[in-house]
Amino acid sequence: MREQPTDPATTDTDARQASRTDTDAQVIVVGAGPAGSSAAYHLARAGVDVILLEKARFPREKVCGDGLTPRAVHQLIRMGVDITAPGWTRSRGMRWVAGKHRVHIEWPALGRYPDFGLSRSRHDFDDILARHAVAAGARLFSGWKAERPLTDRAGRVTGVAASSDSPDVPEPVDFRAPVVIAADGASARLALALGLERDPRRQIATAARRYYRSPERSREEYLELWADLRFPDGGPYLPGYGWIFPMGDGRVNVGLGALPHRRHGKADLRATLDQWLARTPQEWGLREENAEGPVRSAALPLGFNRHPLYTRGLLLVGDSGGMVSPWNGEGIAQAMEAGEVAAETAALALAHAQGPRREQVLRGYPVEMNRRWGRYYRLGNTAADLVFSRSGFQPVLNRYVMGSPFLLDLLARLLTDLTDKPSRDVADHVLNTAFRLVPAPGPSRRRGAGRGGPLGRKR
5 MREQPTDPAT
15 TDTDARQASR
25 TDTDAQVIVV
35 GAGPAGSSAA
45 YHLARAGVDV
55 ILLEKARFPR
65 EKVCGDGLTP
75 RAVHQLIRMG
85 VDITAPGWTR
95 SRGMRWVAGK
105 HRVHIEWPAL
115 GRYPDFGLSR
125 SRHDFDDILA
135 RHAVAAGARL
145 FSGWKAERPL
155 TDRAGRVTGV
165 AASSDSPDVP
175 EPVDFRAPVV
185 IAADGASARL
195 ALALGLERDP
205 RRQIATAARR
215 YYRSPERSRE
225 EYLELWADLR
235 FPDGGPYLPG
245 YGWIFPMGDG
255 RVNVGLGALP
265 HRRHGKADLR
275 ATLDQWLART
285 PQEWGLREEN
295 AEGPVRSAAL
305 PLGFNRHPLY
315 TRGLLLVGDS
325 GGMVSPWNGE
335 GIAQAMEAGE
345 VAAETAALAL
355 AHAQGPRREQ
365 VLRGYPVEMN
375 RRWGRYYRLG
385 NTAADLVFSR
395 SGFQPVLNRY
405 VMGSPFLLDL
415 LARLLTDLTD
425 KPSRDVADHV
435 LNTAFRLVPA
445 PGPSRRRGAG
455 RGGPLGRKR
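When we follow the working numbering, the leftmost residue of the sequence shown carries the number 5, and every step to the right adds one.
Listed below in structure tokens is the structure:
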């Protein structure tokens, strides 16, 4: 049983009224995915007048594995989402499959994060988060596409021009606010309009997924990951992995995520998916006759591939800032966490009048994001370039690692960024010490991040 969407009339601003509705706010958030809805929720909870613009109408599909690590669950709890309601499926950990080896890794017991993960389709998930933001006080305008940023004579962003999908509003409408948060996805339309190009040194992965009716696998307790997949027709190992995630409703989400291979380029993910599923047991039901919908794919911008994350009144969160983890392709936890940090930064900045002090606070946002993930992503980008894009996960999932519970736990924490700070056990200590030895990245600090920042708490 799925949680049913609320009547849009009770949560959304009618497009026919938009031209007569107050379209000014303190903050405008563009995009109601996990990053945008998280930002809008935390802003509204802080008493900030916030408009949330979404080009689609809920519910809508998104390409995703639908698996949530404990880090993402932590963000849901911080938003007050009822994860005990029908529709959420819990996971105990991960099951890695590599050759003849099949190992189970429990989610670690940490002080900061819960010891379980979840699954929920993005069809439901994004709708739930957007409604949570609205319930907190955000004003949702769905069916509105941000076309371009509005700027003043100094080039500072003062809002966005957005067009409605309603024929009753034929012309773009100006939405104005002193702070804009861009959560507009990998297309990064607003960032590009301000000249923030993608860093060509950073990798872009591709994900493809499809749903299958599989009662046998639907209620599994582990998120299953396959690391021994190859290019079609016996090619090299796929520079990524396959997944089978239980949805708890009779379906599974099955997909692939991969980097371009260093020598062989991009894999044909559809052909790779077909080749893989053909060798799974017949009783799993992962066959064409049990498929629901087409294979859908999307780009995954990795490892802070766009910077600076703040410029001239615009903050980038989620995929618009290239925040997908280069270690495992996870993006929801990072998007929601960045949304919260951006919201806190904006709320603190708005406590000051327009001027140098407000700007100083806003420039603290990329500094804080670099403090949280800079070293982790820097090492992850190196691993993606030198290891994953050449040999996939085979070098790290060798027989020595697969045969050692400690090394498996260490690898799981590394790939999912699950450690306590300060360290609570040996695995925490090993990873936290290792990342302290990684040189801190500097692009955001050099290019507009400023010195210091308002956010000093530990993640």
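The beta carbon of each residue, even a glycine, is placed where N, CA and C say it ideally should be.
Small disclaimer: the values here were computed from a predicted structure and weren't measured.
Cβ-based burial, residue i [other Cβ within 10 Å; buried from 16]
i      : result
Ala166 : buried
Pro443 : exposed
Tyr404 : exposed
Arg221 : buried
Lys59  : buried
Ala355 : exposed
Arg206 : buried
Pro409 : exposed
Gln79  : buried
Ala453 : Only weak support is given to the placement of Ala453: the predicted model assigns it a pLDDT of 38, under 50, and the value that follows is read from those uncertain coordinates. Classification of Ala453: buried, given that the 10 Å Cβ count is 16 or more.
Ser191 : exposed
Val161 : buried
Ala438 : exposed
Pro174 : exposed
Arg440 : exposed
Ser170 : exposed
First and last residue of the uninterrupted beta strand (DSSP E) at residue i
i      : result
Ile248 : Gly244 to Pro250
Pro505 : The first residue shown for the chain is 5 and the last is 463, placing residue 505 beyond what the model contains.
Val321 : Counting along the chain, Val321 falls outside any beta strand (DSSP E), and DSSP gives it neither H nor E.
Leu122 : Gly121 to Ser123
According to DSSP, residues forming a beta bridge with residue i
i      : result
Arg99  : His108 and Glu228
Tyr215 : Asn257 and Glu296
Asp28  : Arg180
Leu306 : Val328
Phe145 : Leu57
His265 : Gly269
Pro153 : Val164
Tyr3   : Lying before the first or after the last residue shown, residue 3 is absent from the chain, which here runs from 5 to 463.
Close beta carbons around residue i, own chain, < 7 Å, minus the five adjacent residues each side
i      : result
Pro240 : Arg234, His265 and His268
Glu225 : Ser95 and Arg96
Asn436 : Thr423, Lys425 and Ser427
Leu459 : The predicted position of Leu459 is uncertain, since its pLDDT is 43 and thus under 50; no value can be drawn from it.
Contacting residues, own chain, Cβ-Cβ under 8 Å from residue i (five flanking each side not counted)
i      : result
Val400 : Val391 and Leu415
Leu418 : Trp331 and Leu435
Pro445 : Phe308, Asn374, Gly378, Arg379, Tyr381 and Arg382
Asp119 : Pro74, Glu110, Trp111, Pro112 and Ala113
Ile87  : Val77, Leu80, Ile81 and Leu122
Val107 : Arg99, Trp100, Met406 and Leu412
Extent of the continuous alpha helix (DSSP H) run through residue i
i      : result
Trp280 : Leu273 to Ala282
Gly368 : Pro360 to Ala387
Ser42  : Pro38 to Arg49
Phe129 : Arg126 to Ala140
Met340 : Ile336 to Leu354
His433 : Val430 to Arg440
Ile87  : Element bounds for Ile87: n/a, residue is neither H nor E.
Pro409 : Pro409 to Thr420
Val405 : Arg403 to Met406
Leu196 : Arg193 to Ala197
Same chain, Cβ closer than 6 Å to residue i, five either side skipped, listed in chain order
i      : result
Leu200 : Arg310
Ala142 : Ala44, Ala48, Val54 and Leu56
Gly457 : Low confidence applies to Gly457: its pLDDT is 41, below 50, so where it sits in the model is not reliable enough to give any reading.
Gly71  : Ser123, Leu227 and Phe249
Arg375 : none
Ala36  : Leu56, Glu58 and Ala134
Met279 : For the sequence presented, residue 279 should be read as Gln rather than Met. Closer than 6 Å at Cβ, skipping near neighbours: Pro236.
Arg152 : Ala165 and Ala197
Arg362 : Ala353 and His356
Thr420 : Thr73
Val299 : Ala212, Arg214 and Arg274
Gln398 : Tyr241
Sub-7 Å separation of residue i and residue j beta-carbons
i      : j      : result
Met98  : Leu263 : no
Thr73  : Ala271 : no
Val67  : Arg213 : yes
Val321 : Pro305 : no
Tyr216 : Leu290 : yes
Gly384 : Gly307 : yes
Ala357 : Pro38  : no
Ala197 : Val34  : no
Leu2   : Gly163 : In the structure displayed, the chain extends from 5 to 463; residue 2 sits before or after that span and is not available.
Ser42  : Gly343 : yes
Ala211 : Gly159 : no
Phe179 : Thr386 : no
Asp253 : Ala102 : no
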